[in-house]
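Trainee: Shown below is the structure under consideration.
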Amino acid sequence: MKRSAFVLMLGLGFLAQPVLTIMDMSEVQAAVRKNVSEYAGSRCNTPPRGSGIVVGRYTGTMDNPIISMGRENVTVSFLRCFASLAECQGWLYTMRSKYTDGNSVLIGCERR
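Here the sequence shown is numbered in numbering that gives the first Met the number 0, starting from 0 and rising by one per residue.
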């Protein structure tokens with residue numbers, strides 16, 4: 000009896016594992032907003048420390064056939080100000096999806 004109960008519990012554990020994995024992934028995907036436009040936030044100069052404004056920085060490259068005739072990458076740099084860290088991280092996700100990452104030191108969101 001104990002052995003059959005153990006086998007039953009083990010089998011239910013294996014069946015429940017994919018369901019638990021899907022639930023965990025939906026929570027992770029909800030952590031970053033993916034519907035943020037690349038033009039979100041406002042253009043700004045770097046605000047002073049202690050202002051509470053979130054600054055998003057991105058530097059990357061893109062292939063621009065008009066400028067480079069399709070042979071080389073062109074550097075793009077963006078600096079945007081946001082009201083919330085979540086919106087900045089969503090914008091950063093959009094930028095990393097659209098462009099090829101450059102220097103990792105110049106990519107990130109920081110509350111000033």
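For each residue, glycine too, the CB sits at the ideal point set by N, CA and C.
Report the partner residues of ASN72 according to the DSSP bridge assignment.
Mentor: ASP62
Trainee: Which residues bound the alpha helix (DSSP H) around GLY89?
Mentor: 84-97
Trainee: What are the partner residues of CYS108, as DSSP defines its beta bridges?
Mentor: GLY55
Trainee: For CYS43, count the other beta carbons within 10 Å of its own beta carbon; 16 or more makes it buried, fewer makes it exposed. Which is it?
Mentor: exposed
Trainee: Give me, in chain order, the residues of the same chain whose beta-carbon lies closer than 7 Å to that of GLY55; leave out the 5 immediate sequence neighbours on both sides.
Mentor: GLY40, ARG79, PHE81, CYS87, TRP90, LEU91, CYS108
Trainee: How about THR60 and THR99: do their beta carbons lie closer than 8 Å?
Mentor: yes
Trainee: Across which residues does DSSP place SER41 in a beta bridge pair?
Mentor: Answer is CYS80, bridged to SER41.
Trainee: Sorry if obvious, but does the Cβ on ARG79 come closer than 7 Å to a heavy atom of the ligand GDP?
Mentor: This structure lacks the ligand GDP, and indeed carries no ligand of any kind.
Trainee: Excluding five sequence neighbours on each side, which residues of the same chain lie with their C-beta closer than 6 Å to the C-beta of ASP62?
Mentor: ASN72
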